[in-house]
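Going by the numbering used here, the residue at position 9 of the sequence shown is 10; the numbering climbs one at a time, nothing skipped.
Heads up, the thing below is written out as structure tokens.
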Amino acid sequence: MITIHHLSTSRSERVVWLAEELGIPYRMQWHQREPNGAAPAALREVHALGKAPVIEDGDLVLAESGAIVEYLVQRHGGGRLAVKPEAPEYPGYLYWMHFAEGSLMTLMLIALVLSRVPEAREGPVQKRISKRLQDMLAFVDGRIAGHPWFAGNQFTAADIMMSFPFTTMKRYLDYDMTPFTHIAAWLGRIEARPAYGKSMALAGPDARKDAA
Numbered sequence: 002m003i004t005i006h007h008l009s010t011s012r013s014e015r016v017v018w019l020a021e022e023l024g025i026p027y028r029m030q031w032h033q034r035e036p037n038g039a040a041p042a043a044l045r046e047v048h049a050l051g052k053a054p055v056i057e058d059g060d061l062v063l064a065e066s067g068a069i070v071e072y073l074v075q076r077h078g079g080g081r082l083a084v085k086p087e088a089p090e091y092p093g094y095l096y097w098m099h100f101a102e103g104s105l106m107t108l109m110l111i112a113l114v115l116s117r118v119p120e121a122r123e124g125p126v127q128k129r130i131s132k133r134l135q136d137m138l139a140f141v142d143g144r145i146a147g148h149p150w151f152a153g154n155q156f157t158a159a160d161i162m163m164s165f166p167f168t169t170m171k172r173y174l175d176y177d178m179t180p181f182t183h184i185a186a187w188l189g190r191i192e193a194r195p196a197y198g199k200s201m202a203l204a205g206p207d208a209r210k211d212a213a
């Protein structure tokens with residue numbers, strides 16, 4: 002039985018969603034954020050960095066969203082929700098799997114930090130980061146304009162990785178999504194998935210420990 006260590010209002014919601022999509026048996030260990038937003042000390046007892054997501058699978062302790070998603074898809078999902086390396090969609094699948102954290106979330110976290118520094122809010126750096134974020138969102142919107150899902154015509158783990166910046170992250174960072182209608186349509190397809198609805202009830206930003 003896999004244990005998913007879930008930190009409230011965090012990226013670990015993706016792992017719960019993936020487990021639901023794949024039908025993997027799991028136990029969810031809830032970790033409540035401290036009043037100041039920090040992760041509780043108990044997470045350091047699981048992994049030295051004290052961050053989520055983290056899973057335990059037997060003696061294995063594995064952190065990092067992308068690594069966990071790929072591990073579960075390949076080790077426990079039989080390759081479902083992945084794209085085979087020989088498939089023409091594979092480069093796109095691989096790109097968006099890593100773009101989510103490598104490019105998009107990195108920029109969003111920089112924007113979030115700057116938004117919380119009063120003297121930086123109206124400064125040139127903030128304006129430059131905001132422009133870069135809008136350009137990045139336009140790039141993402143352009144990709145999803147011609148395909149229902151990020152890897153092409155099939156829903157994959159890349160969509161799970163790409164979801165958090167446009168859902169729960171909006172609770173932290175205020176950015177205008179109005180121009181990006183294709184992303185909005187993709188989010189509608191995401192929200193219509195039964196496994197997504199169940200996982201958000203268990204581990205989404207409005208979920209509570211007793212729901213688990």
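We treat Cβ as the ideally placed atom computed from N, Cα and C, and that holds for glycine.
Keep in mind the model is a prediction, meaning the values are calculated, not measured.
Residues sharing a beta bridge with residue i, DSSP
{"i": "V62", "result": "E57"}
{"i": "Y91", "result": "DSSP, once it has assigned bridges, lists no residue as partnering Y91."}
{"i": "T4", "result": "R28 and E57"}
{"i": "W150", "result": "G153"}
Integer-rounded CB distance, given that residue j should sit under 8 Å from residue i
{"i": "A152", "j": "V84", "result": "6 Å"}
{"i": "M170", "j": "W97", "result": "Not really, about 16 Å apart at Cβ, beyond 8 Å."}
{"i": "G78", "j": "I111", "result": "Not really, about 33 Å apart at Cβ, beyond 8 Å."}
{"i": "S104", "j": "A53", "result": "In fact, because the Cβ distance is near 21 Å, the residues do not count as touching under 8 Å."}
{"i": "E22", "j": "A196", "result": "4 Å"}
Helix, strand or coil at residue i [DSSP, three-state]
{"i": "T168", "result": "coil"}
{"i": "H77", "result": "helix"}
{"i": "Y173", "result": "coil"}
{"i": "L108", "result": "helix"}
{"i": "H48", "result": "coil"}
{"i": "D207", "result": "coil"}
{"i": "A83", "result": "coil"}
{"i": "A101", "result": "helix"}
{"i": "P119", "result": "helix"}
{"i": "F140", "result": "helix"}
{"i": "E35", "result": "coil"}
{"i": "R194", "result": "coil"}
{"i": "M163", "result": "helix"}
{"i": "R15", "result": "helix"}
{"i": "S200", "result": "helix"}
{"i": "A40", "result": "coil"}
Within 8 Å, strictly: CB atoms of residue i and residue j
{"i": "V74", "j": "G80", "result": "yes"}
{"i": "L61", "j": "A40", "result": "no"}
{"i": "L108", "j": "Y173", "result": "no"}
{"i": "W31", "j": "I161", "result": "no"}
{"i": "F167", "j": "L188", "result": "yes"}
{"i": "I145", "j": "H183", "result": "yes"}
{"i": "A158", "j": "L44", "result": "no"}
{"i": "L203", "j": "M29", "result": "yes"}
{"i": "F181", "j": "D142", "result": "yes"}
{"i": "A186", "j": "M178", "result": "no"}
Cβ shell of residue i (< 6 Å), same chain only, five flanking positions each side left out
{"i": "E57", "result": "T4"}
{"i": "P206", "result": "T10, T169 and R172"}
{"i": "V55", "result": "H6, V47, H48 and A64"}
{"i": "R34", "result": "S9"}
Same chain only: Cβ atoms within 8 Å of residue i, ignoring 5 sequence neighbours per side
{"i": "R122", "result": "L115 and S116"}
{"i": "V70", "result": "R15, V16, L19, M98, A158, I161 and M162"}
Nonlocal neighbours in the same chain, by C-beta distance under 7 Å from residue i, ignoring five residues either side
{"i": "N154", "result": "H148"}
{"i": "Y176", "result": "L134"}
{"i": "W150", "result": "F156, T157 and D160"}
{"i": "M106", "result": "P166"}
{"i": "M2", "result": "P26, Y27 and R28"}
Residue-level contact to chain B via CB, residue i, 8 Å cutoff
{"i": "H99", "result": "Any reference to chain B falls outside this structure, which holds one protein chain only."}
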